[in-house]
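Novice: Questions regarding the structure given below will be posed in turn.
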Amino acid sequence: KSVGEVMAIGRTFEEAIQKALRMLEIGARGLVGNPDFFDPGDIEEELRKPTERRIFAVVEAIAYGMSVERVHELTHIDEWFLYKIARVVETTERLKAQETIAVPADLLRQAKQAGFSDEQIGHLTEQSADDVRRLRKKHGIEPIVRQIDTLAAEYPARTNYLYLTYNGVENDLDVADDNTVIILGSGAYRIGCSVEFDWCCVNAGMTLRQMGYRTVMLNYNPETVSTDYDEFDVLFFDEISLETVRDVYEKTAAMGVIISMGGQIPNNLALKLDHAGINVLGTSPSNIDRAENRHLFSSLLDELDIDQPEWTEARSVAEARAFANAVGYPVLIRPSYVLSGAAMAVAVNDEQLERYLQVAADVSAEHPTVVSKFVENAKEIEFDGVAMETDGGGSEIVIYAISEHVENAGVHSGDATLVFPPQRTYLETIRRIRRIARKIVTRLDIRGPFNIQFIAKDNAIKVIECNLRASRSFPFVSKILKQNLIDIATRVIMGEQPEVDKTAFELNYVGVKASQFSFTRLEGADPTLGVEMSSTGEVGCIGDDFNEAFLKSLLSVGYRLPVKRILLSIGPMKAKAELLEPIRRLAGRGVELYATEGTARFLGDAGVKVTELKWPREGAESTVIDTVRARGVDLVVNIPQDDRAGELTTGYMVRRTAADHSIPLITNRQIAVRFVDALAVLDENRIAVKSWNEYTKGW
């Protein structure tokens, strides 16, 4: 079920596994120092089940006093590993017993050699990570640089493939060079972070080397290009944490750190790095915070007289409920400093609001949660760009790309189907978006990549988000434009003022980015789209027009042609009406149509030939579920009416069955309309196969 992995390197098992657990970005401080996940009475059952939480159950069981032998009986984990974990638990108890400022040097060194972070030790001894750092430096306890022997000790090896450890006395090599720039990577692939950010990091490194800088990559994902040690002058395979970045910065004597290429993990460190005295290259950390902090950014938009959905900072459930009742449901809950819309949710009533607020508080405890009015049936538009310092000291946009979502607002931008250049956005809307973007760029003094998200409805344009970093759509728009936005952004960050060919914006073809989902591997998950991201990858396709590029993109993520039999289960009347004419054309081309009861009645009344399928109920002979299980259809279109329990339950059965049997599934009204429309005017034999150069030459 996993979609990514981390790799931690240490000189001991304890050191490596504690690093690895922190790298997972699940909020764990390591093996220990975490909230208690389990009640003592539930521990044995948790140990028997091999879930992703069992490692923490092992730690808690040993901490509660269970013997290593008993843990082995329940888990069948080799006792060698269990005794190592028991030693970490023992060290934890010794740390807890210490006076806050009196941790002995030998215990501190032992803890660091066992993989404890400064923040972890601080939590256990009730002091700050900075206090722990000062204490260990006072005792001369610092990490050393080790290199990976890529020749298995057969020959002398001198590599640039490095990691930090406290198990040793001297560095394998001196990596100090004041011409060094550190790039922080994106960490593990997971929902919300895939190869897009790695592409940005690698391209930034290539540009820096062309400019004559020595490049250092800090990352821990073993399956990326950025952790290929041939790509950078130095590769540190280690954590992307404040502590590790500070250590690498000191060891390399770097001139600065680029945090805007690796997505949200590096971006979250902006203020902390700045406060630690590290030179963050590009946009200033204080301005990054003004964009990332929902409250500060909303206040900034008010100052600039830029429209945004009504919002409030939720200090209590009662305050949030009063706001929701004043503006009317639905409302959007938005925590700050999170990736992929983690814990973001749309609430349609008081009960959901209270539940989602608690989840948001757990995910982003250090930052405020903003509740805003959710604008229904609005178009979402993305603005990717690079801004640089002007001769007068301000900022101006160097290059930009405006894309539109096929889906209405409410589907996370990482899951949405992106169209570039936009095909259904009014020219005046694009002009107004450009003007708003210029105002934001000037006020935030942006120096590098950025992304702004807009919603447009009835000629009203509202800003919903701004990220002062490369977005996941940068690789896509760079390839469509044939202009490398990351190369341009890197040059800007390093102080250059690159010239951009303005004719690059005149495109005579269309690009579509579609998302890849892994619902077949995520047993039980409801395969629907929402404000929290769920895709695990993406594709980009080019066509002479939208229909061609759109069909290519869907074929690339697993849809199949020809489509001869379609199951339709459409709740909203608006969706039924929009789909009626394309469905009628498909029926005229010989496509067999099956539909659930309400949809079948609507189509039948409109004169469309359709076979009705019953919902599962007592006495029903052939049901919609039976047909899907028997693979009796090539495509399932299931669009829920609303959030009513019965609607979600019956619809979920259809959606989940389609996912479990690998039948292409559409759950979004706009995607359904455009896909059925494209099928009605195109077939697979009319989809052109051309090279990228064929599309981009001659303009």
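Going by the numbering used here, the first residue of the sequence shown is number 680, and it counts up by one from there. Don't be surprised by glycine CBs; every beta carbon is placed ideally from N, CA and C. Keep in mind it's a predicted model, so treat the numbers as computed, not measured.
(1) Measuring only the C-alpha atoms, how far is L1282 from R1334?
(2) Does DSSP classify I1165 as helix, strand or coil?
(3) For a minimum of 3 consecutive residues, which ranges assigned as the beta strand (DSSP E) are wholly contained in the stretch 848-882?
(4) Report yes or no: do the stretch 1355-1371 and the stretch 1259-1276 share at least 3 C-beta pairs separated by less than 8 angstroms?
(5) Who does D909 pair with in a DSSP beta bridge?
(6) Shortest alpha-carbon distance to A997 belongs to which of E1030, V1307, D986 and Q987?
(7) Pick out the complete beta strand (DSSP E) segments inside the stretch 1312-1366, 3 residues or longer, and give them in chain order.
(8) Do you know how far the Cα of I938 is from the Cα of N1163?
(9) Between L734 and A784, is the Cβ-Cβ spacing less than 8 angstroms?
(10) Using the C-alpha atoms, what's the distance from Y928 back to E684?
(11) Assuming contact is defined by CB atoms lying nearer than 8 angstroms, are L1097 and E1061 in contact in what I supplied?
(12) Inspect the beta-carbon positions of L914 and L841 and report whether they are closer than 8 angstroms.
(13) Would you call the stretch 1057-1071 and the stretch 1123-1131 touching, i.e. three or more CB-CB distances under 8 angstroms?
(14) CA-CA distance, C872 and P1154?
(15) Per DSSP, what kind of secondary structure is E1083 in: helix, strand or coil?
(16) For G891 and A1168, what's the separation of their Cα atoms in angstroms?
(17) Let me check understanding here. Comparing Cα to Cα, which of R893, I1304, T1375 and I756 lies closest to I1342?
(18) Excluding the 5 residues flanking R1103 on each side, which residues of the same chain have their C-beta closer than 8 angstroms to its C-beta?
(19) Going by alpha carbons, who is nearest to L700 out of Y899, L761 and T754?
(20) Thinking just about the alpha-carbon of each residue, which of D1166, N1004 and V1191 is nearest to the one in S1235?
(21) If you draw a straight line from the C-alpha of L1240 to the C-alpha of V1090, how long is it?
(22) For the alpha helix (DSSP H) holding G1216, just list the boundary residues, first then last.
(23) Which class does D810 belong to by DSSP, given the choice of helix, strand or coil?
(24) Can you tell me whether P1251 is helix, strand or coil according to DSSP?
(25) Classify N1372 as buried or exposed, calling it buried when 16 or more other Cβ atoms lie within 10 Å of its own Cβ.
(26) Can you tell me which of the three DSSP states T991 falls into?
(27) Which first and last residues belong to the alpha helix (DSSP H) in which P1128 is found?
(28) Mapping DSSP to helix, strand and coil, what is F1196?
(29) Measure the beta-carbon distance from F1198 to A1309 and round it to whole angstroms, keeping in mind my assumption that it falls under 8 angstroms.
(30) Flag this pair as yes or no: are the beta carbons of V747 and Y762 separated by less than 8 angstroms?
(31) Skipping 5 residues on each side, what residues in its chain have a beta carbon closer than 8 angstroms to that of A736?
(32) Below 8 angstroms on the Cβ atoms is my contact criterion, and I expect I1249 with E1086 to pass it. Report the Cβ-Cβ distance as a whole number of Å.
(33) Let me know the secondary structure DSSP gives M1067 once reduced to three states.
(34) On the criterion of 16 or more Cβ atoms from any shown chain inside 10 Å, does D757 qualify as buried, or is it exposed?
(35) Below 8 angstroms, how does it come out for the stretch 1001-1010 and the stretch 967-979: are there three or more Cβ pairs, yes or no?
(36) Thinking C-beta only, is I1221 closer than 8 angstroms to I1165?
Specialist: In short, the structure shows the following:
(1) Put simply, the backbone Cα of L1282 is about 21 angstroms away from that of R1334.
(2) helix
(3) 859-863
(4) Touching, per the Cβ criterion.
(5) The partner list for D909 (beta bridge, DSSP) is empty, contrary to what the question assumes.
(6) E1030
(7) Whole beta strand (DSSP E) segments, 3+ residues: 1314-1318.
(8) 18 angstroms
(9) Leu is not the amino acid found at residue 734; the sequence shown has Ile there. The beta carbons of I734 and A784 sit no closer together than 8 angstroms.
(10) 25 angstroms
(11) yes
(12) Going by C-beta atoms, L914 is nearer than 8 angstroms to L841.
(13) yes
(14) 13 angstroms
(15) strand
(16) Approximately 16 angstroms between the Cα atoms of the pair.
(17) Answer by Cα proximity: I1304.
(18) K1058 and E1083
(19) Minimum Cα distance to L700 is reached at Y899.
(20) V1191
(21) 26 angstroms
(22) Unbroken run through G1216 is the beta strand (DSSP E), G1216 to G1222; no alpha helix (DSSP H).
(23) helix
(24) coil
(25) Classified as exposed, N1372 has fewer than 16 neighbouring CB atoms from the shown chains inside 10 Å of its CB.
(26) strand
(27) Taken as a continuous stretch (DSSP letters only), P1128 belongs to no alpha helix (DSSP H), being part of the beta strand (DSSP E) at G1127 to K1136.
(28) coil
(29) Not a contact, Cβ separation roughly 20 angstroms.
(30) For V747 and Y762, yes; Cβs fall inside 8 angstroms.
(31) F716, F717, I722, E725 and L726
(32) That belief does not hold up - the Cβ atoms of I1249 and E1086 are roughly 16 angstroms apart, past 8 angstroms.
(33) If DSSP states are grouped into helix, strand and coil, M1067 belongs with the strands.
(34) exposed
(35) no
(36) Contact flag unset, no.
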